[in-house]
Each structure stands twice: as structure tokens, then as C-alpha cells.
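In full-length UniProt numbering, the protein residues as written are 1 to 451.
The beta-carbon is built from N, C-alpha and C at its ideal position, and this holds for glycine as well.
Note that this is a predicted model, so its numbers are computed, not measured.
The block underneath contains the structure these notes are about, expressed in C-alpha cells.
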């Protein structure tokens, strides 16, 4: 299948010798988006170190500029944001184009949609397919008017915020940090208390950063796996320094590559160890992976560690649905690891994968098929069957404009018998612009127009 990208850049990975060395992957994308957004909403100056300078985050930065922030890049990864404060946003002159950035667009809908301005959101072909109704529904309860929208509540869409935002109590229909964050960010400009009730706890970067910038947030247990988050509205946020830890979702690719390529030993530095983001590491350890945490420390309110990873024999496991929120972006690379494991790995409850940058569940299954790997989808479960040896590979995976699909199947190619290609590597830059050169520095072999 050809890529829908206008100028696809195919890449192929060849079987590689042992990977070795140290690397630091780019800054966490979730933290980077939020650093820009909180810098916009704070009074004074926010200095950011280690910002992920991928296209997604740069689109969020551009949107913050359009809404009134003064933003300067002082050096690679080092940025300065001077905000306008809650209630101080200006109406943007043009469309807020978020490219492929689902997180940036959804969080910013909560920000802009709670201010008495009109803003139009748009993005690339992939973002235009992604559902926004799950964000628009709670915002409508808070007083936001959807002035215009594409079919099914998709972008391009235009929001007009109310004169005064209404605080609500809201239980999202799905475990989604993006829904939760959009509601909390909108609640910043509402008087009184805004509450989000989660049946399953999702990544809590927004709550941590709210506190870091001076907001009052109470987090309480709810049910067996959930949380109740209560925010006091209309605080004065003050600019604060943000050190962005290495992105665990990006670290997943060199980690799994080191596990799969025989003889490898790699250290991935400064990886965020927030317990709501370490589902993949937990699962890999259950599969028999040799992953050691060293130099554990705290940076910017988040726990981080260096991870020493050695090639390992893996076994199939049953991954519970309750773990999905802690590793929702890592299932494509977990499916690759499962293809090399002995036995069946069952990944449960993957409905959210159907509404990511692509239908990731279908895209992963198609890539596994192209690589000659036995698998099946049962409802929202993905089953991958391995025999403990390297699969054939040799095919070409269709990426559907999805950076994580591209990187996952390139990692597969480094250890598969016949390598593996992807139809387009151009969109890797959205989250991990240095993926290919960093992996090459460890000994990985790539070729093709996008390499």
C-alpha cells in the first residue's frame, strides 16, 4: 500500500550486529506540549530545558504565540516563554494549524475554548480523521460554542468561548489523559471547582504541572483503579522552570531494539519513570527482559532513571487492559517484541488504538502480516504468536502517516531475518527527529530515500 504522505520517504532496516552505546532520546512530548501551554497561561517567564523540537510540539508553540505568548528559542532544547495569564488570551489572526499533533490540538481546545475569543483549529490529513467530539462534548457543557466543524466533530473546526466558563464535574467515557487535560485546562478559567472522575487513572502530567505553576489540585482515589481530580478555578499561575525528561514513548524503540538484536547492550539516559508511563517496561520485565534502572533521580517534579538494557530471550505474557493507559503509545513496539518471544502475547483492551494517529490496531496487524508474523485480533485484543526465534520480516509496512508504526517496524527489521521496510519515514520527525542517526550511532543499519 502506498503512503498517503504527498512525498513519501521509504526507509528499510537491515539485520544489524550487536547494538551498543549510550544515548539520550528527545524530551518527553507530553511534557513539552504542556510546558508551552502552561507558559502561555502563566504570568511572567517560563524557561524550558530539553524541549522536544519535533513538529508536533513546534505547532503547539506556534499556537501559543498566536494566542499572545512571547516565545524565544535560545539554544537547542532551551526555550523561554512569557505568558499572558489565565483570561489574557488574544484572538488568533489565522487558523491554528496543528499538523499531526493530536495532543496539542485537543489540549489547546480546552485552553482557547474557555476564553471569550474565536479560534479555528486544523491539521494534516491524519489529524482531520481523528475524533474531537470527546473533547467538544464536555467543553459545550462549560459554555463553549462550536461555530463550525467538519463531519463528525472533526477539524477543521471553530470554537467560541463563553464570557464566563462554567465549572463542571465530568467523567470521561474513555480513559484518556487528553480528555481529562482539556477539561482541567478549561477549568482554569472557570470560577469554583472543576472535577474530573477517571475510572482508570491516566498519565498525570497535567496535574503535576498545574501544581508546579501554582494551581490548587486535589487528587483522590476513586474506585479500584481510578482517580478524582478537583481543580480550584481562576488561580494565578506563575512562570516556572521546566526540565523535560526523556520521553519513555521514544525510549521504547531503542530499548526493544537492544532486547531483540543478539549481543546488544545499550544505556538509555534520563528516561521518565512516572508510574503512569512505565507500562511497557513493566510488561517487558514480565516477558523476561533484562532492564536495569540506574542513577534514579528527580527532575522537574518527575522521577527519571538511566536504563541499562541487554539482549534477552522473551516469553509471551497476558497484558491486562488496566495497563493500557500507562502504555497506550507503546503497543506497536510491544507487538514487535512479542513477535520474537516464545509463546503467545495477548494485549487486552486496545480500543483506544483505533483512534490514534492511525487505526493503530489495524496498522500493527497489517505490518505483522507483511512480516510473516502470526497474529489475530479478537474484539479489542491483539494476540501475537512467537516461537522464540527471529521472524522472517522482509516486507514493507504501511505507516498511514503514523510515526510510531514507522519506528516500530524499522526496529523489527534490525532483528528480523530479512530486514523490514516502511513505506514512509517522513513523519518520524513529529516525535523523534533524531531517531535514525541515534540508532545508527548504536550500530543500526538503514537505507532508502528517508534514511
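1. Thinking C-alpha only, which one of 153, 142 and 143 is nearest residue 133?
2. Between which two residues does the alpha helix (DSSP H) harbouring residue 207 extend?
3. Can you give me the C-alpha to C-alpha distance between residue 190 and residue 167, rounded to a whole angstrom?
4. Measuring alpha carbon to alpha carbon, tell me which residue in 390, 379, 419 and 376 is nearest residue 396.
5. CA-CA distance, residue 251 and residue 25?
6. Please list, in chain order, all residues of the same chain as residue 425 whose beta carbon is under 6 Å from its beta carbon, the five residues on each side excluded.
7. Mind pulling the alpha helix (DSSP H) runs of 4 or more residues that sit fully within the region 107–148?
8. Tell me where the alpha helix (DSSP H) around residue 303 begins and ends.
9. What are the start and end residues of the beta strand (DSSP E) that includes residue 446?
10. If we ignore side chains and look at the alpha-carbon of each, how far apart do residue 267 and residue 144 end up?
11. For residue 149 and residue 106, what's the separation of their Cα atoms in angstroms?
12. What residue does the beta strand (DSSP E) around residue 333 start on, and which one ends it?
13. Among 371, 377 and 401, which one has its Cα closest to the Cα of residue 392?
14. Got a sec? Which residues, its chain only, sit under 7 Å from residue 321 by beta carbon, not counting five neighbours each side?
15. Three-state secondary structure (DSSP) at residue 202?
16. Rounded to whole angstroms, what is the Cα-Cα separation between residue 202 and residue 65?
17. Just to confirm before moving on: does the CB-CB distance between residue 307 and residue 21 stay below 7 Å?
18. Let me confirm a value: residue 59 is counted as buried when at least 16 other C-beta atoms fall within 10 Å, else exposed. Which label applies?
19. Hey, would you say residue 77 sits closer than 7 Å to residue 99, going by beta carbons?
On the basis of the coordinates in this document:
1. Position 133 of the chain shown, counting from 1, holds the residue named residue 133. Nearest C-alpha to residue 133: 153.
2. Translated into positions along the chain shown, residue 207 becomes position 207. That run of the alpha helix (DSSP H) goes 205–212.
3. Counted from its first residue, the chain shown places residue 190 at position 190. Counted from its first residue, the chain shown places residue 167 at position 167. Taken atom to atom, the span from the alpha-carbon of residue 190 to that of residue 167 is near 5 Å.
4. For the purposes of this step, residue 396 is taken as residue 396 along the chain shown, with counting starting at 1. Cα-wise, what sits closest to residue 396 is 419.
5. Translated into positions along the chain shown, residue 251 becomes position 251. Translated into positions along the chain shown, residue 25 becomes position 25. Looking at the two C-alpha atoms, the distance is approximately 6 Å.
6. By one-based count along the chain shown, residue 425 stands at place 425. Correct list, in chain order: 9, 11, 406 and 450.
7. The DSSP assignment places complete alpha helix (DSSP H) segments of no fewer than 4 residues inside the region 107–148 at 133–141, in order along the chain.
8. Position 303 of the chain shown, counting from 1, holds the residue named residue 303. Here residue 303 belongs to no alpha helix (DSSP H); instead the beta strand (DSSP E) covers 302–310.
9. In the chain shown, residue 446 corresponds to position 446, counting from 1. Counting along the chain, the beta strand (DSSP E) containing residue 446 begins and ends at 445–447.
10. In the chain shown, counting from the first residue as 1, residue 267 sits at position 267. In the chain shown, counting from the first residue as 1, residue 144 sits at position 144. When the Cα atoms are used, residue 267 and residue 144 turn out to be separated by approximately 47 Å.
11. Residue 149 sits at position 149 when you count from the first residue of the chain shown. Residue 106 sits at position 106 when you count from the first residue of the chain shown. Their Cα atoms are separated by approximately 14 Å.
12. Taking the first residue of the chain shown as 1, we reach residue 333 at position 333. Taken as a continuous stretch (DSSP letters only), residue 333 belongs to no beta strand (DSSP E), being part of the alpha helix (DSSP H) at 331–340.
13. Numbered from 1 along the chain shown, position 392 holds the residue referred to as residue 392. When each option's Cα is compared against that of residue 392, the closest is 371.
14. Within the chain shown, numbered from 1, the residue matching residue 321 stands at position 321. The beta carbon of residue 321 lies closer than 7 Å to those of 348 and 349 in the same chain, with the five residues before and after it left out.
15. Here residue 202 corresponds to residue number 202 of the chain shown, with the count starting at 1. Per DSSP, reduced to three states, the secondary structure at residue 202 is coil, with no helix or strand assignment.
16. Locating residue 202 in the chain shown gives position 202, counting from the first residue. Locating residue 65 in the chain shown gives position 65, counting from the first residue. In this structure, the CA atom of residue 202 is about 29 Å from the CA atom of residue 65.
17. Position 307 of the chain shown holds residue 307. Position 21 of the chain shown holds residue 21. Contact flag unset, no.
18. As a working mapping, residue 59 is identified with position 59 in the chain shown. It counts as buried.
19. Numbered from its first residue, the chain shown carries residue 77 at position 77. Numbered from its first residue, the chain shown carries residue 99 at position 99. Cβ distance not < 7 Å, so residue 77 and residue 99 don't count as in contact.
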